[in-house]
Structures are given as C-alpha cells and as structure tokens.
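Enquirer: Numbers 1 to 642, taken from UniProt numbering, label the letters of the sequence shown in order.
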Amino acid sequence: MGEPTLAEQVALVPTDPGCYLWKDGKGEVVYVGKAKNLRARMRQYVTLQDDREKIPLMMQVVRSFDYVVVGSEHEALVLERNLIAQYHPYFNVDFKDDKSYPYIAITESDVFPAIKYTRERHRKGTRYFGPYTDARAARETIDTLRKVIPICMATCVEWKRARRLLEKSPEQASVANLMLAERCRPCFDYHVGRGPGVCAGMIDTVEYARHVRQVENFLRGNRSQVVGELTEQMREAAADLDFERAGRLKARLDGLDALDDRQQVVFSSGVNADLIGFYREETISCACVFAVREGRTVRSVEFVLDKGLDTGEEELVSGFLKRYYDETADVPAEVDLPAELEDAELIEGWLAEKRGHSVRLRRPQRGEKRRLLDMASANARHALMRYMVRTGYADDRTNKALLQLESALALDAPPMRIECFDISTLHGHFTVASMVVFTNGRPDKSQYRRFKIQTPLTEANDFVSMSEVLGRRYSPERMADERFGSRPDLLVVDGGKPQLTAAMEQLAELGLDIPVCGLAKSDEEIFVPWDETPVVLPSGSPSLYLIKQVRDESHRFAITFHRELRDKAMTRSVIDDVPGVGPKRKRALMRRFGSIRRMRGATVEELAATPGIPAEVATAVWQALRAWDERDGPADPGAGED
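So, in structure tokens, the structure goes:
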C-alpha cells in the first residue's frame with residue numbers, strides 16, 4: 001500500500017481553528033496560513049479551489065504539511081504572525097530585506113525607565129514606538145523630546161550605574177532617590193537640563209513616573225495631553241511663586257510649539273489614524289504609512305515588501321498589517337487602507353486588544369482621507385523606485401530574466417535582442433503591425449517600427465498580416481539595412497500555435513533560422529516549435545515579467561498606430577464629405593472637441609453650439625458620424641479586433 005496523497009492526509013485534519021504550515025520536499029516551510037476550519041481551508045489548496053494565482057505554483061512544490069490547533073480564530077491570527085516571523089516562508093508577504101528597523105524604546109521594567117534608540121528585537125518589559133525608516137529622524141525625535149521632558153538615556157553611564165545598584169537592592173526602590181543621592185554623582189545631561197537628575201537623587205519615582213508618562217503620550221501622538229499637563233504644572237509653580245520652575249516649564253512648552261510648527265496639519269479635528277498606501281511592481285512592492293495623531297502627520301515610514309502583483313492586493317495588505325502592527329505598540333483608533341479585507345473583523349479585534357480600545361479598518365472613498373491615502377501610495381511608489389535604483393534591483397532582475405528565457409526556450413545564448421510583432425485591425429480596416437525591440441532586456445524605442453498592411457483584406461486575418469510583416473521585416477534588403485538593427489536573438493509573435501506556425505513558415509521561405517516563440521494572451525503560455533506542450537514560466541518570475549512586458553509594449557504600439565490611422569481617415573472622409581463643412585468649419589469643430597472620437601459622442605445640440613456651425617450643418621455632421629458607427633462597428637477604436 002503506497003503513501004497516502006496530500007488530499008487523503010488533509011481529509012484527516014480536524015475542523016478546529018488553527019494554523020497550517022505547507023512544506024516542500026526538504027521539509028522547509030514555504031507557506032503559513034490561519035483558518036477557522038483547518039480541514040476545509042486546507043482542502044481548498046489541494047483541490048486548487050483557491051483562486052489566487054500563486055497557489056498552483058506553490059502546490060507544485062508542497063510535499064507535506066503540519067498544523068497547530070488553537071482555541072479560537074483570534075489565537076490563530078497571533079500564532080500565524082509568530083510562525084511567519086519564525087520561518088520566513090517564501091510564499092508569505094514579508095519585508096524585502098528583513099532588516100531591523102529603528103525604534104524608540106522606553107525600558108518600563110526599570111525603577112527609573114530610560115529612553116533609547118534601538119534596532120533590537122523586542123524585549124519583555126520594554127515599550128517600543130515606531131518603527132522609523134529614517135534613523136536620523138528617530139534620533140532627532142529623542143533629542144527634541146528630552147529638551148521638552150527630561151528623561152534618562154539608556155546609554156548614560158551614570159544611569160546604568162544607578163540601575164545596577166537598584167537591581168542589587170530592590171528593597172530600596174521606594175527610597176531610591178535617597179540611596180542614589182549618597183552613592184552616585186550627577187551626569188552631564190543633568191547639568192544641561194536634559195536629564196532629570198536620577199543619578200544624583202534629584203527626583204523621586206513618583207515625579208519621574210510622570211515624566212515617563214508624558215514621554216509615552218508624546219510618542220503616541222497625544223500632544224494636547226502633554227501640553228495640558230505642562231501648562232497646569234507651570235500655573236501651579238507660578239502660584240507658588242516658584243518662578244524659576246515656571247520658567248523651565250514655559251521653555252518646554254515653547255519647545256513643543258516649535259515641534260508642532262514642523263508637523264503638517266492635515267485635519268482640523270483631532271484625527272488619530274494610520275493611512276497606508278501601496279505601490280506594486282511585478283514581484284516587489286512598497287507600503288507607506290502616514291501616522292496622523294491629533295490631526296497632524298507625526299511620522300511617515302516606508303517598507304519594501306517581497307511580494308507584488310504576483311500576490312493579490314487583499315493578501316498583500318493583510319500580510320503587511322499583521323507584520324507592521326506586530327512590531328509596534330503605536331496602534332491608532334483608525335487604519336485607512338486601499339482594499340477591503342476578508343478578515344477585517346478579526347484583525348480589528350487583535351488590534352483592539354493591543355491598543356486597549358476599539359480599532360476600525362476603513363477604506364475611504366473620497367475626501368481628505370482619500371487624498372492622503374493616494375498621497376501615501378505616491379510616496380510608496382517613489383520609495384520603491386529609490387530602492388530599485390539603490391540596490392540595482394532592476395538590473396539583477398533583467399539579467400535573471402534573460403538567463404531564464406535562455407534555459408526555458410532552449411536558446412543558444414541569452415536573448416540580448418528581442419523583437420516582437422503584433423497586429424491591430426478593425427474587421428480588416430486600417431490593419432497595421434508593430435515591431436518593438438528590447439535590447440539587453442530594456443525597450444529600445446529607437447528601433448521600433450510600424451507597418452501598414454498592404455494585402456487587401458475584407459475581414460481580420462492575423463495570419464496573412466503576420467506573414468506579410470515578417471516577410472517585409474526579414475527580407476534581404478531590410479536585413480542589410482542598418483536602420484533595422486542587427487539580427488534578433490529571439491522573435492516573439494503575439495498569439496498561440498497558429499500565429500507561431502505562420503511565422504515559422506514565413507521565416508522558412510526566407511531561409512532564416514531565427515529562434516521564435518508565440519505568447520498566448522489568456523494563460524500566458526509560450527508556444528515553441530520543438531514541443532506541442534506550451535512552456536509555462538513560473539508566476540512572478542523575472543522571465544515571465546519580461547516576456548509579458550515585451551508583448552504588452554508591442555500591443556500598445558500597434559493599437560496607438562491603428563487609432564491614429566483611423567482618426568485620420570475619419571477626419572478626411574467623414575467631416576470633409578459633409579455638405580456645408582469646409583476647412584474653416586472643420587477647424588472650428590476640431591478646436592471645440594479636440595478629436596473625432598469626442599465629436600462622435602456629442603449630441604446635435606452640442607455640435608450646433610460650436611461657433612460658426614448652423615443647426616442644419618450640425619445635424620448633417622451628426623448623421624454622418626452615426627452612419628460611420630453603423631458601418632464600422634463600435635465607437636471606441638480600441639474595442640475592435642487586434
């Protein structure tokens with residue numbers, strides 16, 4: 001009796017909530033997921049009922065699985081995040097470089113908590129604020145904050161000495177300031193007003209705890225609460241005639257005002273929200289978080305992710321949310337996102353538990369929040385472009401794509417020059433062909449060419465059109481013409497097996513041996529001459545991204561030329577043949593509507609509103625345009641056959 005299949009093994013999985021771990025042949029975890037019903041969710045994978053693009057590819061490498069049963073779906077969410085952090089599975093959304101991001105931390109477990117800049121993994125007893133993607137901004141925040149509210153730095157030698165003494169004598173915590181006054185000495189920060197004097201016993205635990213609370217409120221974005229407390233303390237000092245202390249408090253308030261001046265006010269009301277925008281390339285993306293507290297943007301951070309268009313938007317957003325809020329204690333009342341999440345209610349419950357108050361996930365459709373969300377997406381795009389330039393990501397990806405194409409298509413060498421052809425027509429009218437060229441994996445627009453198909457056609461015929469354009473491009477005269485560049489390393493035709501066959505026959509007539517393949521639109525399958533079975537490049541691979549880019553560029557170039565010819569023909573025949581329309585009235589119509597396509601969407605009244613166009617001429621123009629529509633099909637020139 002053979003080993004049971006994955007489907008048979010999944011049939012024995014319990015129906016409890018929990019997490020599942022798919023593994024490859026080496027036993028390495030490739031994907032972690034959570035489920036309310038483990039068996040039902042895992043069955044969707046083995047039967048390929050999950051419609052995400054990456055699932056068929058993932059299940060090709062899956063050989064086994066593990067699962068962990070928990071008590072509730074909420075516990076499964078927390079466990080899922082922990083397992084992803086532990087195994088870093090290839091198919092889960094994660095940060096691209098997985099580097100440690102800067103945080104501002106408060107060592108709350110100490111008798112006198114200190115503030116520090118850190119990249120450490122989160123420790124128990126320490127509260128973290130952030131993350132920050134700009135280390136300088138994090139350090140400047142600490143520096144500014146200590147000018148406003150004196151607090152010890154965790155790097156201070158005297159603070160470390162005081163902590164060691166208190167750890168040795170925990171029973172002295174209630175009178176810590178008295179003990180430290182006898183056995184320690186004041187640090188430099190105390191003398192310049194940035195330290196509260198813990199090391200010299202100048203402050204007790206109660207007063208210091210107030211400083212710590214104000215610092216944490218400040219870092220959470222609760223500026224008004226800090227301002228209110230400092231203002232009240234200043235008034236009390238003034239009432240007690242302690243003008244020196246009142247002056248120090250006034251200076252701190254001025255420091256807060258200066259900080260507020262540097263922060264952009266985006267809402268008139270006290271909005272507390274994170275607005276998270278995304279920008280995706282094929283296999284890489286970026287998330288940008290705008291942290292808005294009390295109506296002010298207090299922080300903007302960007303993260304490069306290791307998944308892009310190869311992963312669904314909902315899964316990308318959900319995966320980032322879990323990773324980001326797992327590592328920060330700064331959870332707002334509202335999180336604005338560009339997509340609706342299926343597990344939104346579950347994530348809201350998890351975030352509410354972290355925050356201690358309710359949290360709502362929203363998708364703004366209009367207004368200031370929508371504008372800010374779009375701005376966050378724009379910032380994500382710029383951050384991703386900077387990352388790609390800084391790391392040489394695009395060059396590495398292109399090199400991988402060319403090597404993968406060489407292997408997948410059995411070429412003699414990487415295809416340094418790729419030529420691709422596409423046909424665009426409308427029921428046989430205005431039939432054109434495009435030729436785009438990619439050199440070293442990049443568009444070479446100086447080599448682009450476009451052709452008017454000269455063969456008379458009464459209906460669309462891509463095979464005849466493709467044969468003609470290939471015959472013209474690869475004729476001996478054109479092959480010898482330097483303007484057409486060198487011989488291609490790979491010829492790509494837009495279409496399946498029939499288009500590939502037509503191309504091969506034409507090349508054979510010309511006596512040329514050029515590697516050729518056809519790319520189908522539907523399933524992104526690549527047809528090759530030496531195998532009846534199409535080549536399927538891995539989803540998200542650099543090679544698939546490049547070959548699709550070549551195909552889409554040729555399609556765009558052909559459609560553009562087709563529309564240009566059609567508009568010119570319409571302008572010549574339709575308008576010029578209308579009685580009463582001469583050059584002057586034609587210019588007036590084109591000046592008002594800009595193009596024939598816009599004119600076709602106009603009513604008789606709108607045409608007649610054009611200066612110099614009588615009502616009877618407007619009617620004649622409208623009737624001529626309608627007659628054109630009825631003869632040649634849909635109004636949108638791009639809606640015809642290609």
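Heads up, the beta-carbon is just placed ideally off N, CA and C, and yes, glycines get one too.
Would you kindly work out how many angstroms separate the C-alpha atoms of Cys517 and Val492, rounded to a whole number?
Expert: As a first step, residue 517 must be located in the sequence shown, where it is residue number 517. As a first step, residue 492 must be located in the sequence shown, where it is residue number 492. Cα to Cα, Cys517 sits roughly 5 Å from Val492.
Enquirer: With a threshold of 6 Å on Cβ separation, who are the neighbours of Gly277 within its own chain once the five nearest residues in sequence on each side are excluded?
Expert: Start at 1 with the first residue of the sequence shown, and residue 277 comes out as number 277. Cys288, Leu373, Ala376, Ser377 and Ala380, listed in sequence order.
Enquirer: How would you write the range of the beta strand (DSSP E) that Phe451 sits in, first residue to last?
Expert: If you number the sequence shown from 1, residue 451 lands on position 451. Looking at the DSSP string, the run of the beta strand (DSSP E) that includes Phe451 is Arg449 to Lys452.
Enquirer: Could you pull out every unbroken alpha helix (DSSP H) segment of at least 4 residues lying fully inside the stretch 192-252, listed in chain order?
Expert: List check, alpha helix (DSSP H) in window: 205-220 and 223-239.
Enquirer: Are the CB atoms of Tyr117 and Pro131 within a distance shorter than 9 Å?
Expert: Taking the sequence shown and counting its residues from 1, one reaches residue 131 at position 131. Taking the sequence shown and counting its residues from 1, one reaches residue 117 at position 117. In this structure, Tyr117 does not lie closer than 9 Å to Pro131 by Cβ.
Enquirer: With C-beta atoms as the reference, is Pro113 less than 9 Å away from Ile151?
Expert: Within the sequence shown, the letter at position 113 stands for residue 113. Within the sequence shown, the letter at position 151 stands for residue 151. For Pro113 and Ile151, yes; Cβs fall inside 9 Å.
Enquirer: In the DSSP assignment, the beta strand (DSSP E) including Arg299 goes from what residue to what residue?
Expert: The residue you call residue 299 lines up with position 299 of the sequence shown. Arg299 -> beta strand (DSSP E) spans Arg296 to Leu305.
Enquirer: Hey, could you find the ends of the alpha helix (DSSP H) Leu77 is sitting in?
Expert: The residue labelled residue 77 in the question sits at position 77 within the sequence shown. Leu77 -> alpha helix (DSSP H) spans Glu73 to Tyr87.
Enquirer: Less than 8 Å between the CB atoms is what I'm expecting for Tyr90 and Leu21, so what's the real figure, rounded?
Expert: The count along the sequence shown starts at 1 and reaches residue 90 at position 90. The count along the sequence shown starts at 1 and reaches residue 21 at position 21. 12 Å between Cβ atoms; not a contact.
Enquirer: Report all residues from its chain with a CB closer than 7 Å to the CB of His74; omit the five preceding and five following residues, and keep chain order.
Expert: Against the sequence shown, residue 74 aligns to sequence position 74. Here the set comprises Leu346, Gly349 and Trp350.
Enquirer: Check whether the Cβ atoms of Ile423 and Ser465 sit closer than 9 Å, and answer yes or no.
Expert: The count along the sequence shown starts at 1 and reaches residue 423 at position 423. The count along the sequence shown starts at 1 and reaches residue 465 at position 465. Yes, these two residues count as a Cβ contact at 9 Å.
Enquirer: Anyone know if the C-beta pair for residue 658 and Phe65 falls short of 9 Å?
Expert: Lying outside 1 to 642, the shown extent of the chain, residue 658 is not represented and no answer is given.
Enquirer: Would you check if the distance between the CB atom of Arg283 and the CB atom of Tyr545 is smaller than 9 Å?
Expert: Counting from one through the sequence shown, the residue named residue 283 turns up at place 283. Counting from one through the sequence shown, the residue named residue 545 turns up at place 545. Here residue 283 turns out to be Thr, not Arg, going by the sequence shown. Cβ atoms of Thr283 and Tyr545: closer than 9 Å.
Enquirer: Have a look at Arg262 and Val215 and give me their C-alpha separation to the nearest angstrom.
Expert: Stepping through the sequence shown from its first residue, residue 262 is reached at position 262. Stepping through the sequence shown from its first residue, residue 215 is reached at position 215. Its pLDDT being 49, under 50, Arg262 is placed unreliably by the model, and nothing is read from it.
Enquirer: Which of helix, strand or coil does DSSP assign to Val492?
Expert: On the sequence shown, residue 492 is found 492 positions in, with the first residue counted as 1. Of the three classes helix, strand and coil, the one that applies to Val492 here is strand, per DSSP.
Enquirer: Any idea which residues DSSP pairs Ser434 with across the strands?
Expert: Within the sequence shown, residue 434 is the residue found at index 434, counting from 1. Its beta-bridge partners are Asp422 and Arg450.
Enquirer: When the Cα atoms are used, what is the spatial distance from Glu171 to His88?
Expert: Here residue 171 refers to the residue found at position 171 when the sequence shown is read from its first residue. Here residue 88 refers to the residue found at position 88 when the sequence shown is read from its first residue. So the two alpha carbons sit approximately 44 Å from each other.
Enquirer: Note down, one range per segment and in chain order, each alpha helix (DSSP H) of at least 4 residues found wholly within the stretch 506-583.
Expert: Along the stretch 506-583, the alpha helix (DSSP H) occurs as fully enclosed runs of 4 or more residues at 542-570, listed in sequence order.
Enquirer: May I have a chain-ordered list of the beta strand (DSSP E) segments no shorter than 3 residues that lie completely inside the stretch 328-406?
Expert: 334-336 and 360-362
Enquirer: The alpha helix (DSSP H) that contains Tyr118, what's its start and end?
Expert: As a first step, residue 118 must be located in the sequence shown, where it is residue number 118. Strictly speaking, residue 118 in this sequence is Thr, with Tyr absent from that position. Here Thr118 belongs to no alpha helix (DSSP H); instead the beta strand (DSSP E) covers Ile115 to Thr118.
Enquirer: From Pro583 to Ala558, what does the alpha carbon distance come to, in whole angstroms?
Expert: Start at 1 with the first residue of the sequence shown, and residue 583 comes out as number 583. Start at 1 with the first residue of the sequence shown, and residue 558 comes out as number 558. Their backbone Cα atoms lie some 30 Å apart in a straight line.
Enquirer: For Ala410, which of helix, strand or coil comes out of DSSP?
Expert: Taking the first residue of the sequence shown as 1, we reach residue 410 at position 410. The answer is coil: DSSP assigns Ala410 none of H, G, I, E or B.
Enquirer: Taking contact to mean at least 3 C-beta pairs separated by less than 8 Å, is the stretch 410-423 in contact with the stretch 302-317?
Expert: Touching, no.
Enquirer: Relative to the C-alpha of Val432, which candidate in Pro456, Gly580, Gln447 and Cys187 has its C-alpha closest?
Expert: Here residue 432 refers to the residue found at position 432 when the sequence shown is read from its first residue. Nearest of Pro456, Gly580, Gln447 and Cys187 to Val432, Cα basis: Pro456.
Enquirer: Kindly list the residues whose CB is nearer than 6 Å to the CB of Asp274, restricted to its own chain and excluding five residues on each side of it in sequence; keep chain order.
Expert: As a working mapping, residue 274 is identified with position 274 in the sequence shown. Cβ neighbours of Asp274 beyond the five flanking positions: Val289, Ala291, Pro332 and Val335.
Enquirer: Report yes or no: is there a C-beta of chain B within less than 9 Å of the C-beta of Asp143?
Expert: Going by chain labels, chain B is absent from the structure shown, which holds only one protein chain.
Enquirer: Could you check the C-alpha separation between Arg397 and Leu490 for me, to the nearest Å?
Expert: In the sequence shown, the residue the question calls residue 397 occupies position 397. In the sequence shown, the residue the question calls residue 490 occupies position 490. Answer to the nearest angstrom: the Cα atoms are 19 Å apart.
Enquirer: Does Val298 pass the burial test, meaning 16 or more other C-beta atoms within 10 Å, or should it be called exposed?
Expert: Sequence index remark: in the sequence shown, residue 298 carries index 298 (1-based). The residue is buried, with at least 16 neighbouring Cβ atoms inside 10 Å.
Enquirer: Could you tell me the distance, in whole angstroms, from the CA atom of Leu12 to the CA atom of Thr311?
Expert: Translated into positions along the sequence shown, residue 12 becomes position 12. Translated into positions along the sequence shown, residue 311 becomes position 311. C-alpha of Leu12 to C-alpha of Thr311: approximately 29 Å in a straight line.
Enquirer: In the DSSP output, what is Lys586 paired with across the bridge?
Expert: For the purposes of this step, residue 586 is identified with residue 586 of the sequence shown, where counting begins at 1. Answer is none; Lys586 lacks a bridge partner.
Enquirer: Would you give the residue range spanned by the alpha helix (DSSP H) that Phe290 belongs to?
Expert: Position 290 of the sequence shown, counting from 1, holds the residue named residue 290. Going by DSSP, Phe290 is part of no alpha helix (DSSP H) but of the beta strand (DSSP E) stretching over Ser285 to Arg293.
Enquirer: Report the rounded CA-to-CA distance for Arg585 versus Gly612, giving the unit in angstroms.
Expert: The residue you call residue 585 lines up with position 585 of the sequence shown. The residue you call residue 612 lines up with position 612 of the sequence shown. Roughly 7 Å separates the two Cα atoms.
Enquirer: Suppose contacts are defined by Cβ-Cβ distances below 9 Å. Is Ala162 in contact with Cys199 by that definition?
Expert: By 1-based counting over the sequence shown, the position of residue 162 is 162. By 1-based counting over the sequence shown, the position of residue 199 is 199. Cβ distance < 9 Å, so Ala162 and Cys199 count as in contact.
Enquirer: Phe188: which of Lys147, Ser554, Ala176 and Glu158 sits nearest, CA to CA?
Expert: Position 188 of the sequence shown, counted from the start, is the residue given in the question as residue 188. When only C-alpha atoms are compared, the closest one is Glu158.
Enquirer: When burial is assigned at 16 or more other CB atoms within 10 Å of the CB, is Gln499 buried or exposed?
Expert: As a position in the sequence shown, residue 499 is number 499, starting the count at 1. Flag for Gln499 reads buried.
Enquirer: State the DSSP-derived secondary structure class of Ala176, mapped to helix, strand or coil.
Expert: Locating residue 176 in the sequence shown gives position 176, where the first residue counts as 1. DSSP places Ala176 in helix when its eight states are reduced to three.
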